[in-house]
Each structure stands twice: as structure tokens, then as C-alpha cells.
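Numbering (the working numbering), first residue to last: 93 to 294. Here a beta-carbon is modelled for each residue, glycine too, at the ideal position from N, C-alpha and C. Notes follow the structure.
Given below as C-alpha cells:
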């Protein structure tokens with residue numbers, strides 16, 4: 093999908109699986125089950141967010157950088173590693189796909205990691221659902237049995253890409269056609285997940 097070959101997806105998944113020494117998925121579920129959860133994306137509206145009333149905070153990729161700048165440590169970071177520039181002391185859900193093999197070395201810097209993939213899961217890898225980091229975060233929360241999920245910074249219809257989406261960005265920029273296509277899919281995934289709600293379990 094989006095130009096990734098199945099072989100490349102498997103190569104990244106195999107590398108990620110080889111780096112996982114423990115299956116921490118039950119710990120992850122225990123953290124989120126029955127809780128109210130904020131899922132925070134890196135859209136342009138992210139910079140208007142300053143606090144959360146939810147019990148748990150899941151950051152999608154680069155949104156974690158903004159939260160840490162504001163003194164908020166997310167409970168979980170869902171990432172394919174292209175939006176982060178440093179590793180924080182928190183729980184990571186790292187997604188392997190055909191375009192991030194070269195970034196997976198960062199997993200070695202993380203203390204608590206659950207790995208996900210977009211091929212049939214094997215080893216310690218999981219598939220919670222979703223397509224982008226943002227909707228994967230929503231899928232994770234619902235799969236873990238979150239009582240309620242609220243979205244922040246998830247600007248699916250925006251024509252801009254938020255500056256926290258990539259470490260190299262200094263400002264919001266116009267979204268590329270590929271980015272807009274991904275957000276369209278992500279919006280559909282989230283709408284479907286929210287309709288299913290708490291029926292979607294691990």
C-alpha cells in the first residue's frame with residue numbers, strides 16, 4: 093500500500109520483531125482499559141492544545157514532541173518513527189512498514205515497546221488496526237477497551253501539514269497530494285472505528 097512492497101513490509105517487521113525482547117501488550121492494555129483516553133495528532137490545531145481532562149494520553153508520532161515541550165509526557169506514543177527526533181521515557185507502539193527499515197534502530201533506545209506491522213502478525217508483533225499513526229492510535233485505544241476516546245489535533249480535512257508532523261519542519265506547510273490521500277483514508281478509518289466503538293477488542 094502507498095508504494096510499499098510486501099517483501100519490504102516483511103523485512104521491516106522481521107527486524108522489529110527481532111528487537112523486541114518481551115511481549116508488553118498486556119501491560120499496554122491494562123494501562124488503557126476502562127480509561128478515558130485523549131488521542132493527540134500532529135495537525136495544525138495541535139498548538140492550541142494545552143491540557144487534557146482524560147486519564148490517559150496517546151500521542152501520534154510527532155505530536156509527542158509538542159506535548160513534551162509543554163511539559164506533558166504522553167502515556168503512549170504511537171509512531172512509525174518518521175515524526176520523532178528523540179526518545180522519551182514512555183511507552184512506545186512502533187509500527188513497521190516497508191519505508192521505515194532504516195529508522196528502526198531507534199527502537200533500541202526505547203525501554204517499553206510494543207511492535208505492530210501491516211503484514212500477518214508473527215512473533216511478538218501485533219495488529220491493532222489503522223493506517224496512519226493517528227488512526228492507529230485510535231484503533232489501539234478502542235482495542236484496549238478504552239471507556240471513551242477524544243481526539244485532539246486530528247485535522248483530517250486541513251489543507252496544511254502541521255509542523256510537528258516531521259522534525260525538519262519549522263512551520264505548517266501545504267499538504268502534498270499523498271498526505272491528503274493518507275488523511276482521507278485515516279478519516280474513514282476513524283469514523284468506522286468510532287462507529288464500532290467498544291465492540292472492537294484485543
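Residue burial is scored here from C-beta neighbours: residue 126 has fewer than 16 other C-beta atoms within 10 angstroms and is therefore classed as exposed.
Looking at the DSSP output, residue 188 shares a beta bridge with 209. Within the DSSP bridge table, the entry for residue 102 names no partner.
Assignment of residue 266 by DSSP, reduced to helix, strand and coil, places it in the strand class. Taking the C-beta atoms as reference points, residue 230 is found no nearer than 8 Å to residue 120.
Counting the other Cβ atoms within 10 Å of the Cβ of residue 152 gives 16 or more, which makes it buried.
In the structure shown, residue 273 falls within a helical segment according to DSSP collapsed to helix, strand and coil. In the structure shown, residue 170 falls within a strand segment according to DSSP collapsed to helix, strand and coil.
Residue burial annotation: residue 234 is buried, with at least 16 other C-beta atoms found within 10 angstroms of its C-beta. Contact between the stretch 177-195 and the stretch 238-257 is absent, with fewer than three C-beta pairs closer than 8 Å. In this structure, the beta-carbon distance from residue 247 to residue 136 falls below 8 Å. Counting other Cβ atoms within 10 Å of its Cβ, residue 142 stays below 16 and is therefore classed as exposed. With 16 or more other CB atoms across the displayed protein chains lying within 10 angstroms of its CB, residue 220 is buried.
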